[in-house]
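Take a look at the structure below.
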Amino acid sequence: MKKVLTISFCLLGLLITSSVSAQATATANASATIVTPISIAKTADMNFGNIATDGNVGTVVLTPGSARTFTGGVTLPAATGTVTAASFTVTGSGAYTYAITLPASVTITSGSDSMIVDNFTSTPSGTGTLSSGTQTINVGATLNLVASQAEGTYTSATAFPVTVNYN
Numbered sequence: 000m001k002k003v004l005t006i007s008f009c010l011l012g013l014l015i016t017s018s019v020s021a022q023a024t025a026t027a028n029a030s031a032t033i034v035t036p037i038s039i040a041k042t043a044d045m046n047f048g049n050i051a052t053d054g055n056v057g058t059v060v061l062t063p064g065s066a067r068t069f070t071g072g073v074t075l076p077a078a079t080g081t082v083t084a085a086s087f088t089v090t091g092s093g094a095y096t097y098a099i100t101l102p103a104s105v106t107i108t109s110g111s112d113s114m115i116v117d118n119f120t121s122t123p124s125g126t127g128t129l130s131s132g133t134q135t136i137n138v139g140a141t142l143n144l145v146a147s148q149a150e151g152t153y154t155s156a157t158a159f160p161v162t163v164n165y166n
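Spelled out as structure tokens, the structure:
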């Protein structure tokens with residue numbers, strides 16, 4: 000009986016010792032980095048300039064560099080009018096990167112007539128990098144003329160959105 004009690008006390012001692020050495024502690028620091036909120040401001044509106052049509056379907060592609068090409072029943076007169084890609088200034092923190100989201104399409108109207116502007120492109124394309132906290136985005140698109148597009152000055156009822164967000 001004495002051996003059983005001695006063995007029992009030894010086992011009890013091992014159990015107590017095991018539970019004490021099973022605990023450990025580590026520490027960690029907490030931190031946060033505050034960045035300047037990203038912002039975007041328009042510096043120029045998009046303008047496809049003067050366009051002539053022969054009554055057939057056609058397109059005018061305006062690049063982010065403000066160059067134009069055409070297809071179908073469209074020609075570009077020598078009197079170009081004002082031709083500009085949309086332009087925006089993005090500001091934020093240091094050399095951060097950001098994503099650019101362009102609209103799918105926008106409708107421009109003149110009276111009861113309309114045209115669709117779509118296939119928006121930008122420079123930079125998709126993502127940008129703030130250099131010293133700023134960068135310019137230029138945006139082009141495709142203007143789609145229908146057959147017998149009516150003469151007039153076409154404008155959008157509301158401005159189209161270009162969205163930027165830190166990556």
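Numbering-wise (numbering that gives the first Met the number 0), the sequence shown opens with residue 0 and increments by one.
Idealized CB from N, CA, C, for every residue including glycine.
{"query": "Rounded separation between residue 58 and residue 104 - CA only", "result": "14 Å"}
{"query": "Backbone CA spacing between residue 108 and residue 153 [nearest angstrom]", "result": "5 Å"}
{"query": "Top-ranked residue by Cα proximity to residue 65, from 52, 49 and 85", "result": "85"}
{"query": "Residue environment, residue 80, which counts as buried when at least 16 other CB atoms sit within 10 Å", "result": "exposed"}
{"query": "Inter-residue Cα distance where the pair is residue 120 and residue 139", "result": "5 Å"}
{"query": "Contacting residues, own chain, Cβ-Cβ under 7 Å from residue 42 (five flanking each side not counted)", "result": "86, 87 and 88"}
{"query": "Three-state secondary structure assigned by DSSP to residue 136", "result": "strand"}
{"query": "Delimiting residues of the beta strand (DSSP E) encompassing residue 61", "result": "51–61"}
{"query": "Among 117, 113, 118 and 137, nearest to residue 126 - alpha-carbon criterion", "result": "137"}
{"query": "Alpha-carbon to alpha-carbon, residue 32 and residue 56", "result": "54 Å"}
{"query": "Between the CA atoms of residue 148 and residue 160 - distance to the nearest angstrom", "result": "26 Å"}
{"query": "Residue 123 versus residue 94 - alpha carbon distance", "result": "15 Å"}
{"query": "Collapsed DSSP secondary structure at residue 69 in the structure displayed", "result": "strand"}
{"query": "Distance between residue 118 and residue 49 (C-alpha atoms, nearest Å)", "result": "20 Å"}
{"query": "Rounded separation between residue 133 and residue 91 - CA only", "result": "6 Å"}
{"query": "Beta strand (DSSP E) runs contained entirely in the stretch 72–129, provided each spans 3 or more residues", "result": "85–90, 96–100, 104–109, 112–122 and 126–128"}
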